[in-house]
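S.K.:
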Amino acid sequence: MKELQEQRRDILAIIKDPTLTHEQTMMALSSAGRDILELPGDATRRFYELKEKGWLCDLNEGRVTYVPRYILPDYRIYMEKGCAFLRLDPPTDLYEATMGLLAIYHHVPSVTHFPVYIGRLDQLLEPFVLKEIRENGEERAYTLIKGFLRHIDRTVTDSFCHANIGPEASLTADLILKAERELQDSTPNITLLYDPDRTDEAFAIRCVQAALDCAKPSFANHRMFLSELGEDYGIASCYNGLPVAGGAFTLSRIILARVAYDSTDKEEFMRKNLPAAIDAMLAFMDEKIRFLVEDTPFFSTSFLVKEGWIRPDRFNGLFGMVGLAEAVNDLLEKEGTQARFGSDDKADALGLEIMELIYNRVQAHENTYCPFYGNRFMLHAQVGIDSDTGISPGTRIPIGEEIPLYEHLRHSGRFHKYFPSGTGDIFPFDVTAEKNPRAVLDIFKGALDVGMRYISTYTSDSDVIRITGYLVKRSDIEALKKEQQVVNDTVVLGMRSVEKSRVEERKVRKL
Amino acid sequence: MLTAPVVKIIDSSAVDGPGNRSAVFLQGCNFNCEYCHNPETIDPEGRPESLRFLTVEQVVDRVGRSLPFIRGLTISGGECMLHEAFVYEVCLEAKRRYGQDFSCLLDSNGSIPYDRVLPVIDGVLLDVKAVDESAHRALTGASAAPVMAQAAALAKEGKLTEIRTVVLGNCDEAEKCILRVAERIVEAAGADALRNISYRLIKYRPKGVRKEYLKTLKVPGDKEMVRLERIASDCGFSPVVIV
């Protein structure tokens with residue numbers, strides 16, 4: 431725990447930071463206040479001992495969490511019944527539907543206090559869009575959709591906000607794609623739930639064109655998610671697959687690289703340090719979830735629960751990890767091998783061995799607050815945070831060490847299966863891809879065939895770029911560098927990641 | 082065993098037909114185009130450093146390694162039809178192994194009839210370089226007549242995938258190409274046929290071109306390219322792509 435003087439200094443620094451908007455100042459102050467608390471108990475103490483060593487990380491949730499990290503409300507409830515708490519009747523037209531959703535989003539919390547999931551917009555809005563087009567023409571429908579999306583970008587000032595479309599084509603989805611290409615905004619992030627058997631090819635190509643133009647949507651392997659999470663799932667935050675009407679209580683992460691650096695050899699890593707880190711994190715997550723469910727009022731008082739938008743039994747604990755590549759490379763180096771993760775079979779085999787260990791140990795752990803997933807935590811390939819230096823997201827091959835495209839996709843496919851709650855890879859393409867988006871779609875289809883769960887792209891000249899999972903405008907980063915305020919609080923994370931994690935050096939693929 | 086001189090095989094190409102494809106380049110051409118940007122592949126007896134004589138099996142194996150990321154292969158050159166028997170066997174074998182949906186295209190100059198290979202290919206990316214006999218002869222050293230005949234024959238069979246024209250200088254010849262080839266296709270296969278044929282307008286670039294031609298060949302302006310794009314679209318070609 432920090433001393434009082436130090437805390438005061440930190441708080442004053444927040445208040446005096448010229449780059450923060452008022453909203454950003456409030457958010458930072460709320461975290462500073464929360465972090466004064468300490469959850470008693472051995473599990474927490476043990477976790478923070480290992481956090482001090484750099485092995486574990488609470489991902490800005492602090493010692494206590496008073497709201498689930500990710501919430502995926504079932505927005506169909508609004509369409510069918512309205513919302514009693516917010517005094518909203520079920521909408522009768524597109525204007526009411528979009529206005530009502532905007533009001534509801536304001537009341538959907540998360541770890542960042544902004545909604546991380548805003549629904550399957552095409553399915554929610556399609557009946558209203560069709561009615562609007564019938565009665566007032568397509569231009570009016572488009573104006574409403576574009577205004578709705580612009581409003582989200584300017585008020586949900588954080589890029590961890592995610593909309594879903596697909597798998598089937600719809601007029602609404604096309605209006606969304608058209609608007610996003612015009613707006614060039616970072617929020618909301620969008621994912622196409624893609625199934626080549628259900629997603630019309632021409633629509634999928636339009637999605638690729640939009641992605642090359644404005645970095646969204648990403649493509650999720652719908653069949654894969656369906657088999658694990660059932661029909662009612664959504665993609666939230668960066669790329670997190672979670673049950674709709676549920677979400678995630680919490681997400682902590684192991685920084686595998688740092689556990690490896692502190693291990694004398696593979697033996698000590700596999701037998702002693704990694705299991706110890708896993709166990710400490712499991713115990714901490716248990717305690718945190720127990721506190722959230724039992725000791726905070728959230729699940730007994732929130733209108734989201736009372737009106738059936740979410741159910742506690744559809745929440746899960748997310749067990750995150752980063753830096754597999756660096757851990758593997760370090761352990762092999764200690765064996766005197768120069769094999770690199772991604773480029774050598776030996777390194778990849780060790781990567782899989784580590785994943786199996788994590789998977790099996792986490793699977794062996796029971797948490798009865800997570801019945802949706804068989805009372806087990808889900809693994810999550812965490813994308814990293816702005817303070818990470820030299821640590822690659824999840825199981826990604828480090829930037830700068832990328833391998834030929836097809837090999838890279840196959841490599842990703844071997845690791846994606848472990849992460850039902852999210853993982854993904856990013857492949858920027860040279861601008862020539864815009865001339866043949868079908869070629870990019872062929873590659874995406876192949877990627878799904880080789881086991882990839884989630885794939886994103888953008889082009890070398892996009893203003894909106896994908897940092898690790900979230901999107902940021904290059905022009906915003908430039909403004910922030912000049913110490914100007916920017917409305918979106920994720921820009922600062924993007925700026926630091928660009929500086930520290932070489933995001934702009936990611937290999938651009940030429941076709 | 083049947084072999085062919087293979088200059089190179091590309092695992093991923095977005096510029097050799099629809100979608101992502103593997104592209105196989107064979108040595109030797111019966112044209113000698115002034116603007117050829119890889120003139121080392123023209124001489125049938127030429128042996129560029131990367132050249133290997135490969136069997137049908139070797140080519141099909143290599144192309145197959147790019148599955149499931151490609152939708153097919155494109156055989157290019159040089160002029161691939163100089164190796165007609167090899168082309169036939171590669172496409173036949175590729176379809177036998179990877180399924181009838183695995184698409185096999187040729188990037189070809191239209192000088193040699195496609196009758197024999199037609200059953201095993203899905204289409205041709207046909208170069209139409211010039212339409213006036215004298216202009217064609219001056220540019221390529223060969224007659225234009227067979228090219229137009231092939232365009233018509235392929236369109237009739239529904240196997241004309243794309244027309245490609247390298248656009249030079251003032252664009253007059255390119256404009257004539259677009260109009261004349263559209264006319265021939267409509268005569269042979271009806272106006273509807275154009276909707277399924279793409280037109281690729283390739284802006285001439287001096288990169289790789291032999292020194293002796295650099296002075297006379299001119300790069301067209303972007304405005305002109307856009308004008309040609311409109312002409313091709315108005316004819317009914319779809320899609321029309323400028324590169």
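The listed protein sequences derive, respectively, from chains A and V. Per my numbering, the first sequence starts with residue 431, numbered consecutively. Per my numbering, the second sequence starts with residue 82, numbered consecutively. Don't be surprised by glycine CBs; every beta carbon is placed ideally from N, CA and C.
1) Beta strand (DSSP E) containing LEU809 (chain A): first to last residue?
2) I want to see whether chain V comes within less than 9 Å of ASP627 (chain A), judged by CB atoms only; does it?
3) Ignoring anything shorter than 3 residues, give me the beta strand (DSSP E) runs that lie fully in the segment 84-154 of chain V, in order along the chain.
4) Based on DSSP bridge pairs, tell me the residues matched to VAL248 (chain V).
5) Measure the beta-carbon distance from THR825 (chain A) to PRO858 (chain A) and round it to whole angstroms, keeping in mind my assumption that it falls under 8 Å.
6) Is the beta carbon of THR942 (chain A) sitting closer than 9 Å to the one on HIS592 (chain A)?
7) Between the alpha carbons of ASP760 (chain A) and PRO823 (chain A), how many angstroms are there, rounded?
8) Can you give me the C-alpha to C-alpha distance between CYS637 (chain A) and ILE885 (chain A), rounded to a whole angstrom?
9) With DSSP run on the structure shown, which of helix, strand or coil describes ALA769 (chain A)?
10) So, with DSSP's three-state summary, where would you put LYS903 (chain A)?
11) Using a beta-carbon distance cut-off of less than 8 Å, what residues from the segment 851-877 of chain A approach chain V?
12) Kindly indicate which residue of A:TYR848, A:ARG584 and A:THR621 has the alpha-carbon position closest to the one of THR920 (chain A).
13) Taking the alpha-carbon positions, what's the ILE91 (chain V) to PRO194 (chain V) distance?
14) Using a beta-carbon distance below 9 Å, is ASP919 (chain A) in contact with chain V?
15) Quick check: the Cα distance between LEU220 (chain V) and TYR294 (chain V), rounded to an integer number of angstroms?
16) For PHE655 (chain A), which option in A:PHE849, A:PHE749 and A:THR798 has the closest C-alpha, if you only look at C-alpha atoms?
17) Ignoring anything shorter than 3 residues, give me the beta strand (DSSP E) runs that lie fully in the segment 571-625 of chain A, in order along the chain.
18) Looking at the structure shown, is ARG653 (chain A) part of a helix, part of a strand, or coil, going by DSSP?
19) Is any beta-carbon of chain V found at less than 9 Å from that of ASP891 (chain A)?
20) For the segment 658-671 of chain A and the segment 455-466 of chain A, state whether three or more C-beta atom pairs, one from each stretch, are separated by less than 8 Å.
21) Note the first and the last residue of the continuous alpha helix (DSSP H) segment covering ARG688 (chain A).
22) By the three-class DSSP mapping on this structure, what secondary structure does CYS668 (chain A) have?
23) Taking DSSP as the reference, what is the three-state secondary structure of ASP552 (chain A)?
24) What first and last residue would you give for the alpha helix (DSSP H) that runs through ASN790 (chain A)?
25) For a test of the three-state rule: what should DSSP assign to ASN703 (chain A), helix, strand or coil?
26) With distance defined between alpha-carbon atoms, name the residue in A:SER657, A:GLY899, A:LEU941 and A:SER927 nearest to PHE590 (chain A).
27) Helix, strand or coil: how does DSSP classify GLY750 (chain A) here?
28) Residue range of the alpha helix (DSSP H) that SER842 (chain A) falls in?
29) Whole-angstrom Cβ separation of ALA713 (chain A) and ARG939 (chain A), contact assumed at under 8 Å?
30) I'd like the ranges of any alpha helix (DSSP H) spanning at least 4 consecutive residues and lying wholly in the segment 490-561 of chain A.
31) With 16 as the cutoff for other CB atoms within 10 Å, does GLU724 (chain A) come out buried or exposed?
M.R.: So, to answer that:
1) To locate residue 809 (chain A), count along the first sequence from 1; it is residue 379. Element bounds for LEU809 (chain A): 808-811.
2) If you number the first sequence from 1, residue 627 (chain A) lands on position 197. No, no contact with chain V.
3) 84-94, 102-107 and 133-136
4) As a first step, residue 248 (chain V) is located in the second sequence; it is residue number 167 there, counting from the start. VAL248 (chain V) is bridged to V:LYS284.
5) Position 395 of the first sequence, counted from the first residue, corresponds to residue 825 (chain A). Position 428 of the first sequence, counted from the first residue, corresponds to residue 858 (chain A). About 19 Å separates the two Cβ atoms, so there is no contact after all.
6) Summary: the structure shown does not reach residue 942 (chain A), with chain A confined to residues 431 through 941, and so no result is reported for it.
7) Taking the first sequence and counting its residues from 1, the one referred to as residue 760 (chain A) is at position 330. Taking the first sequence and counting its residues from 1, the one referred to as residue 823 (chain A) is at position 393. Their Cα atoms are separated by approximately 16 Å.
8) For the purposes of this step, residue 637 (chain A) is taken as residue 207 along the first sequence, with counting starting at 1. For the purposes of this step, residue 885 (chain A) is taken as residue 455 along the first sequence, with counting starting at 1. Computed Cα separation, rounded: 13 Å.
9) Residue mapping note: residue 769 (chain A) aligns to position 339 of the first sequence, counting from 1. It is coil, neither helix nor strand.
10) For this step, residue 903 (chain A) is matched to residue 473 along the first sequence. Three-state result, LYS903 (chain A): strand.
11) THR862, ALA863, LYS865, ASN866, ARG868, ALA869, VAL870, LEU871, ASP872, ILE873, LYS875, GLY876 and ALA877
12) In the first sequence, counting from the first residue as 1, residue 920 (chain A) sits at position 490. Measuring from the Cα of THR920 (chain A), the nearest candidate turns out to be A:ARG584.
13) Within the second sequence, residue 91 (chain V) is the residue found at index 10, counting from 1. Within the second sequence, residue 194 (chain V) is the residue found at index 113, counting from 1. Going by the C-alpha atoms only, they are around 26 Å apart.
14) For this step, residue 919 (chain A) is matched to residue 489 along the first sequence. Output row for ASP919 (chain A): interface = no.
15) For the purposes of this step, residue 220 (chain V) is taken as the residue at position 139 of the second sequence. For the purposes of this step, residue 294 (chain V) is taken as the residue at position 213 of the second sequence. Cα-Cα distance, rounded: 10 Å.
16) Translated into positions along the first sequence, residue 655 (chain A) becomes position 225. Ranking A:PHE849, A:PHE749 and A:THR798 by Cα distance to PHE655 (chain A) puts A:PHE849 first.
17) 592-595 and 619-624
18) Start at 1 with the first residue of the first sequence, and residue 653 (chain A) comes out as number 223. DSSP places ARG653 (chain A) in helix when its eight states are reduced to three.
19) For the purposes of this step, residue 891 (chain A) is taken as residue 461 along the first sequence, with counting starting at 1. No, no contact with chain V.
20) no
21) On the first sequence, residue 688 (chain A) is found 258 positions in, with the first residue counted as 1. First-last of the alpha helix (DSSP H) with ARG688 (chain A): 686-691.
22) Along the first sequence, one-based indexing puts residue 668 (chain A) at 238. DSSP places CYS668 (chain A) outside both helix and strand once states are collapsed to three, so it counts as coil.
23) Position 122 of the first sequence, counting from 1, holds the residue named residue 552 (chain A). Three-state DSSP puts ASP552 (chain A) in a helix.
24) Numbered from 1 along the first sequence, position 360 holds the residue referred to as residue 790 (chain A). Unbroken alpha helix (DSSP H) run through ASN790 (chain A): 775-793.
25) Residue numbering aside, residue 703 (chain A) sits at position 273 when the first sequence is read from its first letter. Helix.
26) The residue given as residue 590 (chain A) occupies position 160 in the first sequence. Closest by alpha carbon: A:GLY899.
27) Taking the first residue of the first sequence as position 1, residue 750 (chain A) is located at position 320. It is a strand residue.
28) Sequence index remark: in the first sequence, residue 842 (chain A) carries index 412 (1-based). Run containing SER842 (chain A): 835-846, per the alpha helix (DSSP H) assignment.
29) As a position in the first sequence, residue 713 (chain A) is number 283, starting the count at 1. As a position in the first sequence, residue 939 (chain A) is number 509, starting the count at 1. In fact, because the Cβ distance is near 43 Å, the residues do not count as touching under 8 Å.
30) Runs of the alpha helix (DSSP H) inside the segment 490-561 of chain A: 506-511 and 524-535.
31) By one-based count along the first sequence, residue 724 (chain A) stands at place 294. GLU724 (chain A) comes out exposed.
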